[in-house]
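full-length UniProt numbering puts the last residue of the sequence shown at 399; the count rises by one with no breaks.
Every residue gets a Cβ at the ideal spot worked out from N, C-alpha and C, and that includes glycine.
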Amino acid sequence: MPIFLGARGEDVLSRQGTADFLARLRRDLHGRMAHLPPGEELALLEGVAGTLRDEIAFEERFYAEVGREVAAIDEAGDAEGLAVPLQRLRDMVADYFRRRGSVAACHLVCTAVTDRAAAAAFRLARPLPSVPWCLMGVGAAGRGEGTLFSLGDFLLVHGAEGDEGEAVTAFAGQGAEILCDLGLADRSGVLPSLPAWRGSMAEWRTRIATRLAEGDGDLEGLIRLADLRLVAGDASLAAGMVNLVRAMLGYHQDAVREAARRTAMMPSGFDFFGRFRVERGGAHRGEFNLGLYGVEPLVAIVRVLTVRFDIPESGTVERIRGLLQGGRIDVELAEQLLFAWHALGKFALAEEIARGGRASGMFISPSTLAVDEQEELKRGLEAVGTLQKMVYSSMAGQG
Numbered sequence: 001m002p003i004f005l006g007a008r009g010e011d012v013l014s015r016q017g018t019a020d021f022l023a024r025l026r027r028d029l030h031g032r033m034a035h036l037p038p039g040e041e042l043a044l045l046e047g048v049a050g051t052l053r054d055e056i057a058f059e060e061r062f063y064a065e066v067g068r069e070v071a072a073i074d075e076a077g078d079a080e081g082l083a084v085p086l087q088r089l090r091d092m093v094a095d096y097f098r099r100r101g102s103v104a105a106c107h108l109v110c111t112a113v114t115d116r117a118a119a120a121a122f123r124l125a126r127p128l129p130s131v132p133w134c135l136m137g138v139g140a141a142g143r144g145e146g147t148l149f150s151l152g153d154f155l156l157v158h159g160a161e162g163d164e165g166e167a168v169t170a171f172a173g174q175g176a177e178i179l180c181d182l183g184l185a186d187r188s189g190v191l192p193s194l195p196a197w198r199g200s201m202a203e204w205r206t207r208i209a210t211r212l213a214e215g216d217g218d219l220e221g222l223i224r225l226a227d228l229r230l231v232a233g234d235a236s237l238a239a240g241m242v243n244l245v246r247a248m249l250g251y252h253q254d255a256v257r258e259a260a261r262r263t264a265m266m267p268s269g270f271d272f273f274g275r276f277r278v279e280r281g282g283a284h285r286g287e288f289n290l291g292l293y294g295v296e297p298l299v300a301i302v303r304v305l306t307v308r309f310d311i312p313e314s315g316t317v318e319r320i321r322g323l324l325q326g327g328r329i330d331v332e333l334a335e336q337l338l339f340a341w342h343a344l345g346k347f348a349l350a351e352e353i354a355r356g357g358r359a360s361g362m363f364i365s366p367s368t369l370a371v372d373e374q375e376e377l378k379r380g381l382e383a384v385g386t387l388q389k390m391v392y393s394s395m396a397g398q399g
């Protein structure tokens, strides 16, 4: 379907990986056929073909249904008209994930849907400004790793000066309000209704330069701007903002190195005895903080490395591939990090769906995981730890 053309599927499962899978499938199929009684080979092949036809039909049906609901979002004339198809899409994505377990596919669909819903929200906002503007995703929304079950962060860049700014302020506030009503953003989060998260290019330049030069204890927050991605509005304005952030961060390499050092020192997900570090009290007693010990350090370290080495990617998978292609990490570590991204993302998405996306933080209970799931979580955390050690050693080597 059109909204998914140019998707990043090949970035997640490479051609070589697909070729290897098909080779194993063919080998296993031939091995099974070799032990069948005469005449049963055709029945086996027909059974396999029937299963594949069912799976293809499921995929085609899912994307066709997504396309119809996205069209309803595009055609909505008010905020209420956005809410109904959006809820249907949440249910569809949840069902798809339970069947497929694909983090990459769900992120792809959720990002496309969120972008269309956000564009519709600001299409409905009034008054429409007479100056160029663009809405940009930050954090997971910028990396294309947000979901329909979590709350995204967004900022606004505009071309207003003087009195025109009042119209932009009203426009940004109403658009942000619709996003919040749809459950796509948090009123207390990063939103263009807040003065700190909207501004002209000149205002953003001053804001970023001041914070980098003076330092305010939020280096990671500044480097998080490297995740910026156009969601709706003027593409040239968005490109200018991305270039501004890259230039400013590139000029302040000391701040970037300090952020790298901090991320390398984020706490491990294992305790002294190598067990999962679970909460010892409170509402999440006995649970593991997947965000704090897994997803956040992985995303943060990969982000700061790509900023440091000027790799112009915004998604974590693409950034890992960029680090590999640039010779900053080897093939073995790249494979470990891709495994970690998928494994940790799968646990996180399953938890978001189970809790309706309204829980604070990402917590899972290791004791309820199957043995193979515990091993998967362990491998993912070990990959994060390996990357942290590599970055810390690099920083120490520079004095």
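Rounded separation between residue i and residue j - CA only
| i | j | result |
| --- | --- | --- |
| I56 | A213 | 54 Å |
| A122 | H30 | At residue 122 the sequence reads Phe, which differs from the Ala that was named. Going by the C-alpha atoms only, they are around 56 Å apart. |
| I320 | E296 | 15 Å |
| R379 | T386 | 10 Å |
| W341 | V317 | 8 Å |
| V331 | A104 | 20 Å |
| M265 | D91 | 39 Å |
| V113 | E59 | 17 Å |
| A19 | T206 | 50 Å |
| G9 | F21 | Confidence is the limiting factor: at G9 the pLDDT is only 43, short of 50, which leaves the residue's position unreliable, though a coordinate-based value still follows. Distance between the alpha carbons of G9 and F21: 16 Å. |
| L124 | A232 | 13 Å |
| E80 | M362 | 30 Å |
| F339 | L333 | 10 Å |
| residue 400 | S365 | Given that the chain is displayed from residue 1 to residue 399, the structure contains no residue 400 and the question cannot be resolved. |
| D74 | F62 | 18 Å |
| L323 | I329 | 6 Å |
| V391 | G294 | 16 Å |
| R308 | S394 | 12 Å |
| L52 | L44 | 12 Å |
| A120 | M136 | 14 Å |
| L42 | R99 | 28 Å |
| R27 | R355 | 41 Å |
| F97 | P192 | 31 Å |
| D254 | W204 | 21 Å |
| L82 | V371 | 42 Å |
| V48 | E373 | 28 Å |
| L13 | A23 | Residue confidence for L13 is low, a pLDDT of 38 falling below 50, so the modelled location carries little weight; the figure read from the coordinates is stated next. Each residue's Cα considered, the two are about 15 Å apart. |
| P2 | A64 | Residue placement at P2 is poorly supported in this model, since its pLDDT is 43, which falls under 50; the coordinates are not used for a value here. |
For residue j and residue i, believed in contact at Cβ under 8 Å, the rounded distance
| i | j | result |
| --- | --- | --- |
| F171 | P129 | 5 Å |
| C134 | L225 | Contact flag wrong, Cβ pair sits at about 14 Å. |
| residue 422 | G315 | Absent from the model: residue 422. The displayed extent of the chain is 1 to 399, so no value can be given. |
| A300 | L337 | Contact doesn't hold; Cβ gap of about 13 Å is too wide. |
| V242 | V304 | 17 Å between Cβ atoms; not a contact. |
| D310 | G250 | 6 Å |
| R126 | Q174 | 6 Å |
| L179 | A185 | 4 Å |
| V84 | L148 | About 14 Å separates the two Cβ atoms, so there is no contact after all. |
| V190 | V138 | 5 Å |
Residue i, enclosing beta strand (DSSP E) - first and last residue
| i | result |
| --- | --- |
| G282 | Run containing G282: none; DSSP gives neither H nor E here. |
| G322 | Here G322 belongs to no beta strand (DSSP E); instead the alpha helix (DSSP H) covers 316-325. |
| F154 | 153-158 |
| R303 | Note, R303: premise wrong, no beta strand (DSSP E); alpha helix (DSSP H) at 296-308. |
| S200 | 198-200 |
Selection from the options that minimises the alpha carbon distance to residue i
| i | options | result |
| --- | --- | --- |
| A71 | I178, R61, L86, G322 | L86 |
| residue 427 | F62, L344, T306 | Not covered by the structure: residue 427. The range shown for the chain is 1 to 399. |
| P312 | R32, R355, L228 | L228 |
| L344 | L381, D181, M136 | L381 |
| A176 | E161, G159, L151 | L151 |
| L298 | A283, R262, R275, R285 | R262 |
| E375 | M390, F347, S394 | F347 |
| I223 | A167, A259, G240, A370 | A259 |
| V302 | L369, E41, Q388, R275 | Q388 |
| A209 | D181, H252, T368, D95 | H252 |
Run of the alpha helix (DSSP H) containing residue i, from where it starts to where it stops
| i | result |
| --- | --- |
| W133 | First-last for W133: 133-138, but that is the beta strand (DSSP E), not the alpha helix (DSSP H). |
| L82 | 79-100 |
| G47 | 41-75 |
| A247 | 235-251 |
| H35 | Note, H35: premise wrong, no alpha helix (DSSP H); not H, not E. |
| V103 | 103-124 |
| L333 | 331-354 |
| I311 | Unbroken run through I311: none, as it is neither H nor E. |
| E161 | That residue, E161, is in no alpha helix (DSSP H); it is neither H nor E in DSSP. |
| E220 | 219-223 |
Min CB distance residue i to chain D below 8 Å
| i | result |
| --- | --- |
| V190 | Chain labels in this structure do not include chain D; a single protein chain is all it has. |
Check: Touch check for the segment 287-307 and the segment 254-269: three-plus C-beta pairs under 8 Å?
Finding: yes
Note to self: Quick test of the definition: if touching needs 3 or more C-beta pairs under 8 Å, does the segment 341-351 touch the segment 234-247?
What the structure shows: no
Margin query: Counting beta carbon pairs with one atom in the segment 146-161 and one in the segment 196-203, are three or more of them shorter than 8 Å?
Written below: yes
Next item on the list: Specify whether the segment 274-287 and the segment 107-121 touch according to this definition: at least 3 beta carbon pairs, one from each stretch, less than 8 Å apart.
Entry: no
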